[in-house]
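Beneath this line is the structure, given in structure tokens, with notes to follow.
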Amino acid sequence: MNESSDSYLSVDTLPPLAAAEVSPEELDGHGRLHFTTFQHLWRTHFHVLEDAPMLPRPVDVSVQIVRNALYRNDCRYSQFENYRYFCYTLSGVGGFSDKSGTYSLPAGHAFLVEKDNADAAYFYPPEESEPWRFLALNFNGLPAHAMTRALVKKYGPVYALAPDTPIIKRLLAYEANGHSITNIHVADGAQMVMELLLALMAAGRAREETDPVIELVRRAIPMMSTGEDVLVQDVARALGVSREHLSRCFQRHVGMSPRQFCLEQRMRRACLLLKDTNAPIKTIAAQLGYTEYSNFVHAFRQVTHMTPTEFRQRGFLPFTH
């Protein structure tokens, strides 16, 4: 990567997750230990032929093996590395930890991490005896950095992927190159990284299908999306849970309370009626269940930061808040 793209990717729009002071002696000691406790079975470094810093790009792909119980990589020693790292267990068992917990990584499981996350580490569990063999991909590019952070925030750092997942097979195919440098078009590199991130997103979504909390939220959303005056306690009662439990689930997975969600749904419908019909605003307010026009105006401004009249004149859909 040339100097201009390096400087571009160091912009402050996506700062490191954490910072940690590490002495040169400590860094040197960690590096010597780390690099003597694993082996590259093969590695391909990607030379991207065009400079397009706004596109994701692979840096290198490899298969590594660990037999030494001392193997550990604390990311606080990598806080200046501008990479995101995907690690997929092929055989044996690895370990990963961050603020969310400590995870075991048997075959078919992977972790995704920002290398500058000072709270993360990956290691060879001391109780294991079988060598840990894993596929590793380093990648960068500002969009990929943002997507990695979003994925980990939504689905966590650990994912299950079948060995026949197309992106796993595609990455393993580079074994034929051995230890080499491979020229790759910027479009092909971007496609490779995006294919990986989308596969991880699909794996995270599939895991959600078995989450009873998420299922509860999914059942509640249509009941709250009518645009009418819906009472949260009525929805909770219909679903057989307490209002408090429903509120906790909503806050966790939707990022707002059920009451706020219902309000936004009503105001979205109000926006549609204001833009797509010529109905008087007071008629729209009554249609949405507001007996007091002033209450409708107050609620509308709370969500859209405009009055209904202002929105009809110069607002747009979808509104953002």
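By the working numbering, the letter at position 285 of the sequence shown is numbered 285, and the numbering carries on one by one without gaps.
By construction, the Cβ of each residue, glycine as well, lies at the ideal position given by its N, Cα and C atoms.
Item, Value
"With three or more beta-carbon pairs closer than 8 Å as the criterion, would you say the stretch 34-46 touches the stretch 60-67?", "yes"
"Whose C-beta lies closer than 8 Å to the C-beta of T102 among residues of the same chain, with five residues either side of it excluded?", "G95 and F96"
"Can you list, in chain order, the residues of its chain with a C-beta nearer than 8 Å to that of E228? Leave out the 5 residues immediately preceding and following it.", "R266, L288 and G289"
"Does K115 pass the burial test, meaning 16 or more other C-beta atoms within 10 Å, or should it be called exposed?", "buried"
"Counting C-beta neighbours from all protein chains within 10 Å, is the total for L210 16 or more, i.e. buried, or is it exposed?", "The question names Leu, but residue 210 in the sequence shown is Thr. Under this definition T210 is an exposed residue."
"Give me the Cβ distance between L274 and R312, rounded to the nearest whole Å; I'm assuming they're in contact under 8 Å.", "5 Å"
"Looking only at DSSP bridge pairs, what is A110 linked to?", "Y88 and Y159"
"The beta strand (DSSP E) that contains G94, what's its start and end?", "G94 to D98"
"Using the DSSP secondary-structure output, state which residues sit across from A136 in a beta bridge.", "S62 and C87"
"Mind the definition here: the stretch 129-146 touches the stretch 184-200 only if three or more C-beta pairs lie below 8 Å; say whether that holds.", "yes"
"Assuming the contact rule is C-beta atoms closer than 8 Å, A203 and Y159 should be a hit. Round their C-beta distance to whole Å, please.", "5 Å"
"Going by Cα to Cα distance, which pick from T148, L239, L200 and D234 is closest to V217?", "L239"
"Expressed to the nearest angstrom, what Euclidean distance is found between the alpha-carbon atoms of M201 and A299?", "35 Å"
"By Cβ distance, which residues of its chain are closer than 6 Å to Y122, with the 5 residues on each side in sequence left out?", "N73 and F96"
"Could you tell me the boundaries of the beta strand (DSSP E) in which A121 lies?", "A121 to F123"
"Count the other CB atoms, across all protein chains shown, that sit within 10 Å of the CB of F296; report buried if there are 16 or more and exposed otherwise.", "buried"
"Hey, quick one: how far does the beta strand (DSSP E) through Y103 stretch, first residue to last?", "G101 to L105"
"Between F316, A236 and R84, which lies nearest to R219 when the distance is taken from Cα to Cα?", "A236"
"Just to confirm, are L196 and R133 a CB contact at a threshold of 7 Å?", "no"
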